[in-house]
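Let me begin by presenting the structure, written as structure tokens, before commenting on it.
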Amino acid sequence: MSDSGNWCLIESDPGVFNELMYGFGVDGLDCIEVYDTRNTDAFSDALGLIFLFKWDGNGWDASKSLDYAESGSIFFAKQVITNACATQALINVLFNLPPNSLKLGDTLTDFKSFVSDFDSQMKGTALANCDKLRLAHNSFARPQVFEITLNKPCKPEDIYHYVGFVPISGAVYELDGLEPHPIRVASIPEGTSWLDVILPIITKKMSECVDGRFNLMALVPSRLQMYETRAAEYLTNPPEDKNLIDQNEYCIFAERARIAEQRSENNRRRHNYLPFIMELLKVLAEKNLLTDVVHRAREKSQSVQTSTKA
1 MSDSGNWCLI ESDPGVFNEL MYGFGVDGLD CIEVYDTRNT DAFSDALGLI
51 FLFKWDGNGW DASKSLDYAE SGSIFFAKQV ITNACATQAL INVLFNLPPN
101 SLKLGDTLTD FKSFVSDFDS QMKGTALANC DKLRLAHNSF ARPQVFEITL
151 NKPCKPEDIY HYVGFVPISG AVYELDGLEP HPIRVASIPE GTSWLDVILP
201 IITKKMSECV DGRFNLMALV PSRLQMYETR AAEYLTNPPE DKNLIDQNEY
251 CIFAERARIA EQRSENNRRR HNYLPFIMEL LKVLAEKNLL TDVVHRAREK
301 SQSVQTSTKA
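Numbering (full-length UniProt numbering), first residue to last: 1 to 310.
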């Protein structure tokens with residue numbers, strides 16, 4: 001696998017992935033964070049999962065014997081660029097969802113058609129060189145404050161990796177771009193949710209992450225569209241319990257507020273605050289206040305560290 005290849009690192013956050021999908025042209029899905037794998041009420045209708053964990057070089061689960069599956073009808077693109085991991089995992093999941101569960105949009109539909117006859121390596125290479133996907137991905141690039149060249153070697157940074165999971169034809173498949181093929185994790189017993197099969201496996205992996213640095217997200221049908229469809233149904237066929245109408249209207253309001261907040265947060269992620277910070281420091285220095293501000297900040301930091309140790 002090659003280096004960044006002009007792809008930036010992005011944050012593992014549902015708001016980021018929602019806007020990524022929006023940038024790709026996807027419609028009909030939400031990305032939500034999973035806080036408790038024991039309670040699936042909030043994501044019982046999940047169509048796919050994306051798990052982020054600290055990469056130690058041994059893979060997702062080095063103790064298991066891998067049951068590789070031939071790609072066949074399963075879309076699978078290998079990861080060929082390090083920083084494209086998030087988009088690569090998202091694309092692998094999206095392209096394996098039931099066609100009636102979402103609208104891919106023109107960009108992804110054209111890309112999927114273009115690479116349909118490629119092997120997994122070529123699919124990954126095509127993804128890494130797709131300008132439209134890279135532009136949407138890189139829209140979350142963090143503004144570079146300074147570029148410093150050090151003579152001494154830097155400490156290696158922690159590496160994190162995304163893995164996707166989807167149910168396909170009665171089995172759960174793991175889509176790990178660092179593996180040569182999709183991995184058949186387990187069969188789904190009749191009458192059992194695929195989440196009942198995969199969540200214990202993911203929970204076990206979480207327990208092995210001693211630093212607690214992992215993240216699980218679920219792709220679910222769009223909540224806003226679901227509530228808006230229900231509101232339209234209530235207009236033609238009002239429920240006997242009128243409170244249901246009010247409850248649904250509140251859900252619509254809450255969803256719109258959540259979407260607006262995510263977009264505001266994404267704008268903050270993209271904004272370059274450096275000019276403001278530099279001007280603020282300049283003004284403080286001109287008024288002979290900078291030394292005092294730095295001194296008080298240092299005292300506050302030391303106080304927090306002391307109280308934490310206590």
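Note that the Cβ used here is the ideal one computed from N, Cα and C, for glycine as well.
This structure is a prediction, so every number in the text was calculated from the model and none was measured.
Q: Could you spell out where the alpha helix (DSSP H) holding Lys54 opens and where it closes?
A: Not the alpha helix (DSSP H): Lys54 falls in the beta strand (DSSP E), residues 48-54.
**Q.** Boundaries (first-last residue) of the alpha helix (DSSP H) holding Phe111
**A.** 105-114
Q: If I'm right that Cys85 touches His161 with Cβ under 8 Å, what's the distance once you round it to whole angstroms?
A: 6 Å
Q) So, are the CB atoms of Leu224 and Ile259 less than 9 Å apart? A) yes
Q: Would you mind giving the Cβ-Cβ distance between Leu29 and Leu102, rounded to the nearest angstrom? I have them listed as a contact below 8 Å.
A: 5 Å
Q: Please go through the region 118-146 and give each complete beta strand (DSSP E) segment of 3 or more residues, from N-terminal end onward.
A: none
Q) With 16 as the cutoff for other CB atoms within 10 Å, does Phe276 come out buried or exposed? A) exposed
Q. In whole angstroms, what separates the C-alpha of Ala186 from that of Val93?
A. 17 Å
Q: For Asn248, collect the residues of the same chain with a Cβ closer than 8 Å to its Cβ; drop the 5 residues on either side in sequence, then sort them by chain order.
A: Tyr227, Arg230, Ala231, Tyr234
Q) Can you tell which of Lys282, Phe53, Asp119, Gly25 has the C-alpha that lies nearest to the C-alpha of Lys204? A) Phe53
Q.
With a threshold of 6 Å on Cβ separation, who are the neighbours of Gln121 within its own chain once the five nearest residues in sequence on each side are excluded?
A. Lys78
(Q) For the alpha helix (DSSP H) containing Ser207, name the first residue and the last one. (A) 194-208
(Q) Does the region 39-50 come into contact with the region 291-301, if we say contact requires no fewer than three beta-carbon pairs (one atom in each stretch) closer than 8 Å? (A) no
Q.
Excluding the 5 residues flanking Leu150 on each side, which residues of the same chain have their C-beta closer than 6 Å to its C-beta?
A. For Leu150, the pLDDT reaches just 49, beneath the cut-off of 50, and the residue's location in the model is therefore unreliable, although a value from the coordinates is still provided. Excluding sequence neighbours, Leu150 sits near nothing in its chain.
Q: Return the Cβ separation of Glu19 and Arg268 in integer angstroms, given the expectation that the two are a contact with Cβ distance under 8 Å.
A: So it is not a contact: roughly 12 Å between Cβ atoms.
Q | Residue of Arg134, Lys112, Ala136, Pro98 minimising C-alpha distance to Ala46 | A | Pro98
Q) With C-beta atoms as the reference, is Leu127 less than 9 Å away from Gln88? A) yes
**Q.** Inter-residue spacing [alpha-carbon to alpha-carbon] between Val115 and Lys123
**A.** 6 Å
Q. Mapping DSSP to helix, strand and coil, what is Tyr35?
A. coil
Q. Taking the alpha carbon of Ser12 as the point to measure from, which residue in Asn39, Asp56, Ile159 has its own alpha carbon closest?
A. Ile159
Q | Cβ distance (whole Å) where Thr109 is taken to contact Lys132 below 8 Å | A | Not confirmed; about 12 Å, so no contact.
Q | Outcome for Ala62 when other beta-carbon atoms lying within 10 angstroms are tallied against a minimum of 16 | A | Any answer about Ala62 is weak, because its pLDDT of 46 lies below 50 and its placement is not dependable; what the coordinates show is given next. With fewer than 16 Cβ atoms within 10 Å of its Cβ, Ala62 is classed as exposed.
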